[in-house]
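**Q**
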Amino acid sequence: MLNHLCAFLSMPLRAGTRSWPPNVSMLASSPEEIARALSLVGVRLDHTLKILDLEMHAERAAELEDASAVPAFWDDAVSAEQTLRRLGEHRAAIADAASWRAMVADAEVALQLSREMREAGEAVAETEEMLLEARSAVQSLDAQLDKWEMRTLMDGEHDHCGATISVTAGAGGVDAQDW
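For the sequence shown, UniProt numbering begins at 1 and goes up steadily by one.
1. Under 8 Å: do the region 72-82 and the region 92-109 share three or more Cβ pairs, one atom per stretch?
2. Taking the C-alpha atoms as reference points, what is the distance between MET130 and THR83?
3. DSSP three-state label for PRO21, please.
4. By alpha-carbon positions, which one of THR127, PRO31, GLY42 and ILE51 ends up nearest to THR152?
5. Among ALA69, SER99, ALA110 and VAL109, whose alpha-carbon lies nearest the alpha-carbon of TRP148?
6. Going straight from the alpha carbon of SER114 to that of VAL167, what length do you get?
7. For the region 29-49 and the region 137-147, state whether three or more C-beta atom pairs, one from each stretch, are separated by less than 8 Å.
8. Look up VAL167 in the DSSP assignment and say whether it is helix, strand or coil.
9. Just tell me which of GLU32, ARG101, GLU89 and THR48 has its CA closest to the CA of ARG60.
10. Going by DSSP, what residue range makes up the alpha helix (DSSP H) through ASP53?
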C-alpha cells in the first residue's frame, strides 16, 4: 500500500486537483475520447482503491459492529458515540468504493450501447444520449476522486508529509510589484 500511496503523492497537482488524468470535463464527446478518459479514470480508481484498503475497512467495520452489539455498549456514551462514528467512516469508505465501481460499470455499459446503436443505425440523438451518459459518469467519478484525494491528503494518516510551495512573480511590471 505504501508504494501506491507514494505514487499517488508524487503525481503533479493543478489548481486544486491533479493534472493526471487529463481534465475529463474538457473532453470532446467522441466515443474514443470518452473510452480513453474512462480508461485513465479506471487506472486512477485502481490506485485509489489500493490506498483505501477496503479489506481493512470491512474488517474494522465488522469488529465495531460486534462491539456495538454488546449489551454494555451504551454504558459509556462517549465511547459508544466514538465507536459509531468510526463505524460510519468505515461504512462510508466501503460505500464510496462501491459507488465508484458502479460509475465505471455504468459508463462502460453506456459506451457499449452507443457503439451497438451506431452499428445498428439507430438515431443519432439516441446514440448521443448514451455518449452523454457515459461522459457524465466519467466526469462525476473524476470529481468524486478529486474530492476524496484532497480529503485524504489533508487529514489523518496520509497528512504526515510537509509541503513546499514555490511562488514566482512575473517578468516584471505590476505582477512583480504585488509580490
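For glycine and all other residues, C-beta sits at the position ideal for the given N, C-alpha and C. Since this is a predicted model, take the numbers as computed values, not measurements.
**A** Quick look at the numbers:
1. The count of Cβ pairs closer than 8 Å, one atom from the region 72-82 and one from the region 92-109, stays below three, leaving the stretches out of contact.
2. Distance between the alpha carbons of MET130 and THR83: 43 Å.
3. Model confidence at PRO21 stands at a pLDDT of 46, short of 50, so the residue's coordinates are unreliable and nothing is read from them.
4. Among THR127, PRO31, GLY42 and ILE51, the Cα nearest to that of THR152 is on ILE51.
5. For TRP148, the closest alpha carbon among the candidates ALA69, SER99, ALA110 and VAL109 is that of SER99.
6. Whole-angstrom Cα-Cα distance: 46 Å.
7. The region 29-49 vs the region 137-147: in contact.
8. Per DSSP, reduced to three states, the secondary structure at VAL167 is coil, with no helix or strand assignment.
9. Just measuring C-alpha positions, the residue of GLU32, ARG101, GLU89 and THR48 sitting nearest ARG60 is GLU89.
10. Counting along the chain, ASP53 falls outside any alpha helix (DSSP H), and DSSP gives it neither H nor E.
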